[in-house]
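Report on the structure given below.
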Amino acid sequence: MLKSVPVRRLIRRSGPAALLLVLCSAVLAVAASLTMFTAAYEGTRVRVDWEVSSETDVTGFELARKSATETSYSTVTSVVPNGQRRYQYYDANVFRTAPGSTPGTPAPSAGGPFTYRLTVHSPTGDQSYLTVLAGTPSAVQRSWGTIKSMFR
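Numbering of the sequence shown is given in our numbering, commencing with residue 164 and proceeding in unit increments.
Written as structure tokens, this is what we have:
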């Protein structure tokens, strides 16, 4: 069983080399550092952008969404990293018709506000980040989005 040693005591006993070891361990434990994560209405859909500083050991990204009235997130898409570090996804299902309802009836989540969650998967563990979609779509955006979803 390992004994926990306070960092200050470790540094006093071992000097600056111990501090460097602690800092490097903290950096290596984080597979990717998110540098940007935004969501914005763009017509009848939502554009979600994110950027990571490094993709070392990243095995995938999972984007999920929920409205203020929903209790859990629904996965929107999964993305395999391709080395570009910057990603963009268009969520065209924001105004989707509720399953089993009359066509044209908005889903319970239609109208927002929405929160998007980005989970970065790596062998050392998962990290999740949140961003709130600013504003509320106009009545025209909601109506047009609902009409378009009937023909998908």
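A virtual CB, placed ideally from N, CA and C, is assigned to each residue, including glycine.
| Asked | Found |
| --- | --- |
| Identity of the residues DSSP links to Y252 by a beta bridge | V211 |
| Exposure label - T219; buried when at least 16 CB within 10 Å | exposed |
| Reference A340, options Y252, D289 and G246, closest by Cα | The question about residue 340 has no answer, for the chain in this structure spans 164 to 315. |
| Backbone CA spacing between T207 and P286 [nearest angstrom] | 37 Å |
| DSSP beta-bridge partners of L293 | R280 |
| Backbone secondary structure at G263 - three-state DSSP | Only weak support is given to the placement of G263: the predicted model assigns it a pLDDT of 48, under 50, and the value that follows is read from those uncertain coordinates. Residue state, collapsed to three classes: coil. |
| Sub-9 Å separation of V215 and L226 beta-carbons | no |
| Neighbourhood of R280 by C-beta distance below 6 Å, restricted to the same chain and skipping five residues each side | A227, Y236, S291 and L293 |
| Per DSSP, cross-strand counterpart(s) of E205 | R208 |
| Identity of the residues DSSP links to G223 by a beta bridge | H284 |
| Status (buried if at least 16 other CB within 10 Å, exposed otherwise) for D289 | exposed |
| Backbone secondary structure at F258 - three-state DSSP | coil |
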